[in-house]
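Novice:
Residue numbers (the UniProt record's numbering), protein chains in the order written: chain E, 1 to 455; chain S, 1 to 455.
1. Could one say the Cβ of residue 374/S lies closer than 9 angstroms to chain E's Cβ atoms, at least one of them?
2. Kindly list, in the order they appear in chain S, the residues whose Cβ is closer than 8 angstroms to that of residue 223/E.
3. For residue 321/S, go through chain E and note every residue whose CB falls closer than 8 angstroms to its CB, in chain order.
4. Using a Cβ-Cβ cutoff of less than 6 angstroms, which residues in the same chain neighbour residue 340/E once the five nearest sequence positions on both sides are dropped?
5. Excluding five sequence neighbours on each side, which residues of the same chain lie with their C-beta closer than 6 angstroms to the C-beta of residue 381/E?
6. Over the uninterrupted beta strand (DSSP E) stretch that includes residue 108/E, give me the two end residues.
7. Give a single yes or no on whether residue 286/S has its beta carbon closer than 8 angstroms to a heavy atom of the ligand PLP.
8. Any beta carbon from chain E within less than 9 angstroms of residue 63/S's own beta carbon?
9. So with CB distances below 8 angstroms, who are the chain S contacts of residue 99/E?
10. Counting only Cβ pairs nearer than 7 angstroms, list the residues of chain E close to residue 77/S.
11. I'd like to know if the region 223-233 of chain S and the region 261-268 of chain S are in contact, where contact means that at least 3 CB-CB pairs between them fall below 8 angstroms.
12. Taking only runs of the beta strand (DSSP E) that begin and end inside the UniProt domain "Peptidase M20 dimerisation" (195-352) of chain S, which ones reach a length of at least 3 residues, in chain order?
13. Note down, in chain order, every chain S residue with its Cβ under 7 angstroms from the Cβ of residue 202/E.
14. Between which two residues does the beta strand (DSSP E) harbouring residue 180/E extend?
15. Based on the DSSP output, what are the partners of residue 113/E in its beta bridges?
16. Kindly indicate which three-state DSSP category residue 26/E falls into: helix, strand or coil?
17. Assuming residue 66/S and residue 213/E form a contact by the criterion Cβ under 8 angstroms, report the distance between their Cβ atoms to the nearest whole angstrom.
18. Check whether the region 406-426 of chain E touches the region 162-178 of chain E, counting contact only when three or more Cβ pairs, one atom from each stretch, lie closer than 8 angstroms.
19. Please confirm if residue 287/S has its CB atom under 9 angstroms from at least one CB of chain E.
20. Go to residue 4/E, then tell me how far its alpha helix (DSSP H) extends in each direction, as first and last residue.
21. Who are the Cβ neighbours of residue 244/S in its own chain at under 6 angstroms, not counting the five residues just before and after it?
22. I'd like the span of the beta strand (DSSP E) that includes residue 456/E, first residue to last.
23. Against residue 309/E, what residues of chain S qualify as contacts under a CB-to-CB distance less than 7 angstroms, listed in chain order?
24. Under 9 angstroms between C-beta atoms, does residue 326/S make it to chain E?
25. Please report whether the beta-carbon of residue 95/S lies at a distance below 9 angstroms from any beta-carbon of chain E.
26. Do you know whose CA, among 69/S, 114/S, 75/S, 102/S, lies nearest residue 464/S's CA?
27. Which residue from 326/E, 28/E, 131/E, 336/E puts its Cα closest to that of residue 445/E?
28. Kindly indicate which residue of 395/S, 394/S, 388/S, 364/S has the alpha-carbon position closest to the one of residue 402/S.
29. Going along the chain, which residues of its own chain have a beta-carbon closer than 7 angstroms to the beta-carbon of residue 31/S, five neighbours each way excluded?
30. From the beta carbon of residue 266/S, is the nearest beta carbon of chain E less than 9 angstroms away?
31. How many angstroms separate the CA atom of residue 73/E from the CA atom of residue 173/E?
32. For residue 274/E, count neighbouring Cβ atoms within 10 angstroms of its own Cβ and tell me buried if that reaches 16, exposed if not.
33. By the DSSP assignment, the alpha helix (DSSP H) with residue 407/E in it spans what residues?
34. Please report the residue range of the alpha helix (DSSP H) in which residue 388/E lies.
35. Spatial neighbours of residue 394/E within its chain, please: C-beta separation below 6 angstroms, excluding the five flanking residues on both sides.
36. What's the gap between the Cα of residue 121/E and the Cα of residue 383/E?
The following block contains the structure:
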């Protein structure tokens, strides 16, 4: 039967790609209120697709924010297991637009890659699941197992409402295990099982000085410069050896074992310098770049602004300055506690002459880890290997998927992360793309997997 | 004769105010290419006014940038002295617009103040000079002395082309002394002679890291964060005691004498905390706020930007970060040398994993000081006292007027700074204004002064 399904996918490849392009053309930027309608349109696209397959009980569920698309398939019978498939149809903002080589919302294939915002994160990966479900129905008339679909529209804004939905609808959403495709492989065509994810948390620091921008000639020497004050605060939080200098930040961090260091070293990751274009890579003292990115906590300033940013010079002392910070956490770090440590540190080092405000970002998640030898994980590895004809590797990654930690927390069920992205996908950046190989082999992997786990 | 002139100004007060409003309504923002035409219109306004008075040889001189308005009056005869009057008709950008209580380019009088961008810096002060010249001509049929007018349109962008013009047209512009009204008094209705100005210079620091914004989960731990790198660089340039920690920055700085400390302490300046709204004032260790603002060099970050500044969170490692810095200099500090010291410092402390570029701003000027007991200065003090019926005080200020240093440098002639602005004018900020008292008494002061210096 696998052959028929694969044949269908092959014969309908062009039509499926066109349908994916239609999906990618909708600018469903969840963080920008101006795209509220587009987010709805993306949800409607999925609703229509699920009804066509057909799934049952297809509905757009109100969440208080952007809607969540839910659907069920129960045709595999009482004996068959039930999987909860999670994905998200919202995307990151596309700015800075001028850095894109093609319109982020007019998908374009160049050199074996499909370029578009969301091509990899996560519309492309959501789509191949739907395509595989379609293929099973059109050829076999049924799916190998029962399926519950949960595709949200708020992942890129921290899945603000999902946690409550998962708790309130525990009965409706409960399944034997969950499958999520919102991650990547360590290299193109290198099957990869993701057994660990980082958690994260964030704060926004605002330094307020004078109540209006001041002429630097009239007031320079009488007031504290908010940007300089912010610089002093930020530089006190991480040193030049990339060690976070916030008291207690590393308390309780699960150490990296020697075995894990070997595992991390074995897996050939991407060339960070080549992929990022930096003069040289820089990592926490005592750890390699791969160890730091996969298994050590990070502290990043995502953005900063204050004063005059236009052409030429404006000789002012600005009234305020703001920095946005997010941290990626590892097992042993409680997001709420880290947020509190960051706030305590900032308040303690804040200089005189200004007022400093620390806003705790709502989005937060604990780190997640699963045992690499779990049966569902092993079957995933086999399915990958069949499709890609290559041994599967096991890695942890620095990314965070809040829903994983929440499902783990609320449903206590195994979660399998089947990612098909690649390091070259430029997630969250200009020129995001997804390899056509991952489109084809990703679908094949899923066909094998559903057949392997159906008992 | 003075009475006739003052009477004319009084009788035509409303019409003159309407004419000033017409001048202030032109958004002649010199730093913004979008306002190029408006800058031309402001120049044309002055050309028309000068021709009406009438002045001779009125012309818009090409400078390579915005035009300079030149005119002459030689009717006072060979024996009378010739003054070169300088001012500027360009203004600072009005942003942030939302902080204005009335349209910056629709002048409005509230509580005895005229609110508009340029009301004080420098259109308002240029205008009262023109009004006084008009008054002399309309009543006496002549001016008390010969006048050369030089009103430029690039002061707010560092008078980029003026230096060359002053050199090339030395013959045409030469005079016995110069008068400039582009400064202020220490308090409203407190006649003030400005005998010292700070020089200034600036640099722009740009830190480049990855060649595109990176997903902080995928690359956090492998690359240096450009914003954090910039924070480390900036925080190394001035400490929390407001002491600039760039090697050699204070070398050769003319110390503040005890006499001068007394002079500075005597003059009641504004309440910095009240005027700026800061929690508390902060100044260089060992100096009062008045000493630091008037007679010690300053270092200010005017603006900073990098990464995501929009709503919500964007978990990226930004590709670059930039900071704009300007310093105010005192006698003994060479602008070029200070720029070099700043660049050397930045290059020395720049961390690994990023490339750091230091752009030296073209605008630069040395500090300026004149002897308080010069005859032309004493006469100015008397004229102020007649108009304001109050003793004149002598101060240095932290502001910089490049043209002063350049005229000093090229023409070696006395320069008299007759300022009528006040500390509450909010120069370069939202809600800039000019006191109506300064409009009236400023004109009266000028009438007295031209009569006093005509021999």
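Glycine residues also receive a C-beta, built at the ideal position from the N, C-alpha and C atoms.
Specialist: According to the structure data:
1. no
2. 272, 276, 278, 281, 282
3. 304
4. none
5. Counting only Cβ-Cβ distances below 6 angstroms, and skipping sequence neighbours, we find 193, 392.
6. 108-110
7. This structure lacks the ligand PLP, and indeed carries no ligand of any kind.
8. no
9. 212
10. Under the 7 angstroms cutoff, chain E gives no residues; its nearest Cβ is about 39 angstroms from residue 77/S.
11. no
12. 199-208, 298-307, 320-329
13. 313
14. 177-180
15. According to DSSP, residue 113/E bridges with 110/E, 435/E.
16. coil
17. Taking C-beta atoms under 8 angstroms as the contact rule, residue 66/S and residue 213/E fail to qualify, at a distance of about 24 angstroms.
18. By the Cβ test, the region 406-426 of chain E is in contact with the region 162-178 of chain E, since at least three Cβ pairs between them sit closer than 8 angstroms.
19. The beta carbon of residue 287/S sits closer than 9 angstroms to some beta carbon of chain E.
20. 2-11
21. 238, 299
22. Limits of chain E in this structure are 1 at one end and 455 at the other, which puts residue 456/E out of reach.
23. 303, 305
24. yes
25. yes
26. Because residue 464/S is not part of the residues shown, which for chain S are 1 to 455, the question remains open.
27. 131/E
28. 364/S
29. 93, 156, 157
30. Taking Cβ atoms only, chain E never reaches closer than 9 angstroms to residue 266/S, which makes this a no.
31. 12 angstroms
32. With fewer than 16 other Cβ atoms within 10 Å, it is exposed.
33. 402-411
34. Looking at the DSSP string, the run of the alpha helix (DSSP H) that includes residue 388/E is 375-388.
35. 193, 195, 372
36. 22 angstroms
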